[in-house]
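K.L.:
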Amino acid sequence: MRFVTTRGRAPAASLEYAIFDGLAPDGGLYVPESLAPWTVEAIQQLPARSLTELAIRTLGPFVSEEIGEATLDELARDALSFPIPLVAVEPNVYALELFHGPTLAFKDVGARVMARVMAALHDGGDPTTVLVATSGDTGGAVAHAFYHVPHMRVVVLYPAGRVSPTQEAQLTMFNGERGSNVRAYAVDGSFDDCQRLVKSTFADEALLRRVRLTSANSINIGRLLPQMIYYFHAAAQRMAQDVAWNVAQDFSPAIISVPSGNFGNLTAGLMAKRVGLPIARFVAATNVNDVVPAYLSTGRFEPRASIQTIANAMDVGNPSNFERMTWLYGGDLDAMRRDVVGSRHDDDEVRATIRRVYEEHGYLLDPHSAIAYLGLHDVGLDDLASGDVASDFSRTPRIFLATAHPAKFAEIVEPIIGRPIDKPAPLAEAVGRPRHVLRVGATRDAVAELLRA
Ligand SMILES: *Cc1c(COP(=O)(O)O)cnc(C)c1O
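Residue numbers (the working numbering): 3 to 455.
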């Protein structure tokens with residue numbers, strides 16, 4: 003399979019080229035040349051499929067020309083070594099818990115698969131270094147994803163003193179290990195300074211002749227494709243429950259609410275629907291950074307500076323994957339509206355929802371997942387085409403994506419529910435290790451020097 007760009011002004015590229023280059027030469031984003039529909043039989047067999055089997059079936063069409071079946075099988079098993087359960091929260095409302103990976107957030111899924119796909123595509127020559135700037139979370143997911151992955155190294159730049167102590171513990175976890183392929187450096191400056199340094203390093207021709215560099219940011223197609231997997235896994239688990247309960251053969255398509263910032267997660271879901279996954283509607287659930295919900299209601303896309311909220315991984319004012327969303331619908335707003343409903347929520351609603359759901363259902367949401375939960379309640383019967391609805395609307399399954407473990411946002415969640423939350427093992431381990439903070443000056447030369455070392 004080849005990958006074309008959303009802007010159509012550069013040639014189609016191989017998977018290897020698209021994944022190691024990230025951004026297309028015309029400034030567009032890579033998208034698959036075709037999205038071939040799954041057969042009806044393949045969809046009916048979903049409930050019998052494991053997470054790994056679904057990963058192979060989902061990724062196969064995109065990677066099979068460049069990665070053999072045995073390698074794909076091995077990398078899928080290795081990357082998806084944690085469960086992604088569908089948990090009932092209230093009648094017909096389910097959380098798809100994407101936070102059981104090493105950094106307790108859904109970005110583990112895309113980053114871990116991408117890391118292993120990169121290793122499988124690598125020519126075996128000099129190692130390639132992934133250079134990333136992070137404001138906290140993405141860097142941790144990338145560091146953990148590439149740890150011990152052959153042919154690959156990681157250098158993360160984060161703003162000194164501006165990430166949380168927990169984030170710094172996760173980022174720097176491998177710094178003290180001799181021969182570790184992952185290093186995180188504290189930069190004297192802001193996140194913007196870190197991003198500026200990464201940009202100028204990628205523009206340093208002399209350095210690029212000596213060091214093989216790549217990026218791993220959220221626009222990379224290598225992170226997007228694996229995110230399709232768990233939509234199939236959600237439907238599979240839901241259908242398996244119906245089979246177990248001996249309910250009707252015709253599974254009613256679900257409504258899925260996606261807490262969104264850069265819209266990579268939602269775009270992956272829309273691609274899953276395009277290849278045949280039975281989903282009635284998606285909810286694009288945002289915090290007050292609501293440029294996509296606003297677009298769905300007014301037809302105007304108006305990016306703006308981001309506003310800080312308690313769901314800070316979604317504080318994005320100019321979501322990069324919007325370009326992929328419009329590409330998927332050929333710019334047809336009404337077609338997008340048939341698949342996606344917008345929904346926007348402020349911090350007060352989020353706090354009230356975390357408290358209420360905890361008190362009424364004993365389920366603890368993090369701020370991002372709370373926005374997804376809220377989004378489910380914004381879809382009514384009117385939003386659905388008649389064919390999509392179970393004979394009884396209340397039976398239409400509603401799924402929200404739970405993208406982070408509440409313990410990652412303990413400082414927000416604990417005061418709301420009035421009690422401390424236990425730290426899950428990966429977090430306790432990161433925080434418990436001795437901290438090895440490495441520093442680098444905020445100059446291109448300083449970064450170039452550590453990349454050459
Ligand atoms: C990154 C992130 C999101 C937003 O995902 P996008 O793909 O950028 O829309 C939501 N929740 C959490 C916890 C995240 O880390």
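All residues carry an ideal CB built from backbone N, CA and C; glycine is no exception.
1) For ligand 1, any of its heavy atoms closer than 8 angstroms to the Cβ of residue 153?
2) Is it true that the CB of residue 133 sits closer than 9 angstroms to the CB of residue 220?
3) Over what stretch of residues does the alpha helix (DSSP H) that includes residue 374 continue unbroken?
4) Compare the Cα-Cα distances from residue 172 to each of 449, 437, 195 and 57 and report the closest residue.
5) Would DSSP call residue 37 helix, strand or coil?
6) Quick check on this structure: which residue in 453, 442 and 414 has the alpha carbon closest to the alpha carbon of residue 166?
7) Counting along the chain, where does the beta strand (DSSP E) carrying residue 68 start and finish?
8) To the nearest angstrom, how far is the alpha carbon of residue 344 from that of residue 142?
9) Where does residue 257 land, buried or exposed, given buried means 16+ other C-beta within 10 angstroms?
10) Roughly how far, in whole angstroms, is the beta-carbon of residue 111 from the beta-carbon of residue 100, given that I think they are within contact range, below 8 angstroms?
11) Comparing C-alpha positions only, which one of 440, 451, 72 and 452 sits nearest to residue 163?
12) Grab me the residues of residue 74's own chain with a C-beta within less than 6 angstroms of its C-beta, minus the 5 sequence neighbours each way, in chain order.
13) Buried or exposed: which applies to residue 229, given that a residue is buried once 16 or more other Cβ atoms fall within 10 Å of its Cβ?
14) Can you tell me whether residue 371 is buried or exposed, with buried defined as 16 or more other CB within 10 angstroms of its CB?
15) Hey, could you find the ends of the alpha helix (DSSP H) residue 268 is sitting in?
16) Take the Cβ of residue 261 as the centre, count every other Cβ of all protein chains shown within 10 Å, and call the residue buried at 16 or more, exposed below.
17) Quick one: what does DSSP say residue 32 is sitting in, helix, strand or coil?
18) On the premise that residue 33 lies in contact with residue 65, defined as a C-beta separation below 8 angstroms, what is that separation, rounded to the nearest angstrom?
19) Return the first residue and the last residue of the beta strand (DSSP E) that residue 151 is part of.
20) Using CA atoms only, rank isn't needed, just tell me which of 408, 418, 446 and 421 is closest to residue 429.
21) Check whether the Cβ of residue 222 lies closer than 8 angstroms to any heavy atom of ligand 1, and answer yes or no.
22) Measuring only from the beta carbon, is residue 262 closer than 8 angstroms to any heavy atom that is part of ligand 1?
23) Could you check how far apart the C-beta atoms of residue 203 and residue 446 are, in whole angstroms? I think they sit under 8 angstroms.
24) Could you check if residue 168 belongs to the surroundings of ligand 1, using beta carbon to heavy atom distance under 8 angstroms?
25) With DSSP run on the structure shown, which of helix, strand or coil describes residue 138?
26) Just to check, is the beta-carbon of residue 321 closer than 8 angstroms to a non-hydrogen atom of ligand 1?
27) Check each candidate in 44, 95 and 318 and name the one with the smallest Cα separation from residue 398.
28) Cβ-heavy atom distance between residue 116 and ligand 1 below 8 angstroms?
29) Drop a sphere of 10 angstroms on the beta-carbon of residue 309, count the other beta-carbons inside from all chains shown, and report buried for 16 or more, exposed for fewer.
30) Flag residue 108 as yes when its Cβ comes closer than 8 angstroms to any non-hydrogen atom of ligand 1, and as no otherwise.
31) Where do the ends of the alpha helix (DSSP H) carrying residue 259 lie?
32) I need the boundaries of the beta strand (DSSP E) containing residue 281, first residue and last residue.
33) Would you mind working out which of 147, 280 and 104 sits nearest residue 425, comparing C-alpha positions?
34) Could you tell me the distance, in whole angstroms, from the CA atom of residue 98 to the CA atom of residue 434?
35) Whole angstroms are fine: how far does the CA of residue 231 sit from the CA of residue 53?
36) Taking the continuous beta strand (DSSP E) assigned at residue 415, which residues delimit it?
P.N.:
Answer, in terms of the structure:
1) Translated into positions along the sequence shown, residue 153 becomes position 151. No, the Cβ of residue 153 stays beyond 8 angstroms of every heavy atom of ligand 1.
2) By 1-based counting over the sequence shown, the position of residue 220 is 218. By 1-based counting over the sequence shown, the position of residue 133 is 131. Cβ distance not < 9 angstroms, so residue 220 and residue 133 don't count as in contact.
3) Numbered from its first residue, the sequence shown carries residue 374 at position 372. That run of the alpha helix (DSSP H) goes 369-378.
4) Counting from 1 along the sequence shown, the entry for residue 172 is found at position 170. Nearest of 449, 437, 195 and 57 to residue 172, Cα basis: 437.
5) Counting from 1 along the sequence shown, the entry for residue 37 is found at position 35. In the structure shown, residue 37 sits in coil (DSSP, three-state: anything other than H, G, I, E or B).
6) Here residue 166 refers to the residue found at position 164 when the sequence shown is read from its first residue. For the residues 453, 442 and 414, the minimum Cα distance to residue 166 belongs to 414.
7) Within the sequence shown, residue 68 is the residue found at index 66, counting from 1. No beta strand (DSSP E) holds residue 68; DSSP gives it neither H nor E.
8) Mapped onto the sequence shown, residue 344 falls at position 342. Mapped onto the sequence shown, residue 142 falls at position 140. Going from the Cα of residue 344 to the Cα of residue 142 covers about 30 angstroms.
9) Taking the first residue of the sequence shown as position 1, residue 257 is located at position 255. When all chains shown are included, residue 257 counts as buried.
10) Taking the first residue of the sequence shown as 1, we reach residue 111 at position 109. Taking the first residue of the sequence shown as 1, we reach residue 100 at position 98. That pair is a contact at about 6 angstroms.
11) For the purposes of this step, residue 163 is taken as the residue at position 161 of the sequence shown. Minimum Cα distance to residue 163 is reached at 440.
12) Stepping through the sequence shown from its first residue, residue 74 is reached at position 72. Excluding residues within five positions, the ones whose Cβ falls inside 6 angstroms are 58.
13) Translated into the one-based positions of the sequence shown, residue 229 becomes position 227. Its Cβ being crowded by 16 or more others within 10 Å, residue 229 is buried.
14) If you number the sequence shown from 1, residue 371 lands on position 369. The residue in question, residue 371, is buried, as its Cβ has 16 or more Cβ neighbours within 10 Å.
15) Indexing the sequence shown from 1 puts residue 268 at position 266. Residue 268 -> alpha helix (DSSP H) spans 266-276.
16) Numbered from 1 along the sequence shown, position 259 holds the residue referred to as residue 261. The residue is buried, with at least 16 neighbouring Cβ atoms inside 10 Å.
17) As a first step, residue 32 must be located in the sequence shown, where it is residue number 30. Strand at residue 32.
18) Looking up residue 65 in the sequence shown gives position 63. Looking up residue 33 in the sequence shown gives position 31. At roughly 15 angstroms, the Cβ-Cβ gap does not stay under 8 angstroms, so residue 65 and residue 33 are not in contact.
19) The residue given as residue 151 occupies position 149 in the sequence shown. Looking at the DSSP string, residue 151 is not in any beta strand (DSSP E), and its letter there is neither H nor E.
20) Your numbering for residue 429 matches position 427 in the sequence shown. Among 408, 418, 446 and 421, the Cα nearest to that of residue 429 is on 408.
21) Here the question's residue 222 lines up with position 220 in the sequence shown. Answer for residue 222: no, Cβ out of range of ligand 1.
22) Position 260 of the sequence shown, counting from 1, holds the residue named residue 262. Taken from the Cβ of residue 262, at least one heavy atom of ligand 1 lies inside 8 angstroms.
23) If you number the sequence shown from 1, residue 203 lands on position 201. If you number the sequence shown from 1, residue 446 lands on position 444. Rounded, the Cβ-Cβ distance is 6 angstroms, consistent with contact.
24) The residue you call residue 168 lines up with position 166 of the sequence shown. Residue 168 Cβ: outside cutoff for every heavy atom of ligand 1.
25) To locate residue 138, count along the sequence shown from 1; it is residue 136. Here residue 138 carries a coil assignment [DSSP, helix/strand/coil].
26) By one-based count along the sequence shown, residue 321 stands at place 319. Yes; taking the cut-off as 8 angstroms, the Cβ of residue 321 has a heavy atom of ligand 1 nearer than that.
27) As a position in the sequence shown, residue 398 is number 396, starting the count at 1. When only C-alpha atoms are compared, the closest one is 95.
28) Along the sequence shown, one-based indexing puts residue 116 at 114. Flag unset: Cβ of residue 116 not near ligand 1.
29) Residue 309 sits at position 307 when you count from the first residue of the sequence shown. So residue 309 counts as exposed.
30) The sequence position of residue 108 within the sequence shown is 106, counting from 1. True, at least one ligand heavy atom lies under 8 angstroms from that Cβ.
31) By 1-based counting over the sequence shown, the position of residue 259 is 257. No alpha helix (DSSP H) contains residue 259, which is instead part of the beta strand (DSSP E) from 256-261.
32) What you label residue 281 is simply residue 279 of the sequence shown in a count that begins at 1. Per DSSP, residue 281 belongs to the beta strand (DSSP E) from 281-288.
33) Taking the first residue of the sequence shown as position 1, residue 425 is located at position 423. Of the candidates 147, 280 and 104, the one whose C-alpha sits nearest the C-alpha of residue 425 is 104.
34) In the sequence shown, counting from the first residue as 1, residue 98 sits at position 96. In the sequence shown, counting from the first residue as 1, residue 434 sits at position 432. Roughly 29 angstroms separates the two Cα atoms.
35) Here residue 53 corresponds to residue number 51 of the sequence shown, with the count starting at 1. Here residue 231 corresponds to residue number 229 of the sequence shown, with the count starting at 1. So the two alpha carbons sit approximately 8 angstroms from each other.
36) Residue 415 sits at position 413 when you count from the first residue of the sequence shown. Residue 415 -> not in any beta strand (DSSP E); alpha helix (DSSP H) instead, spanning 412-419.
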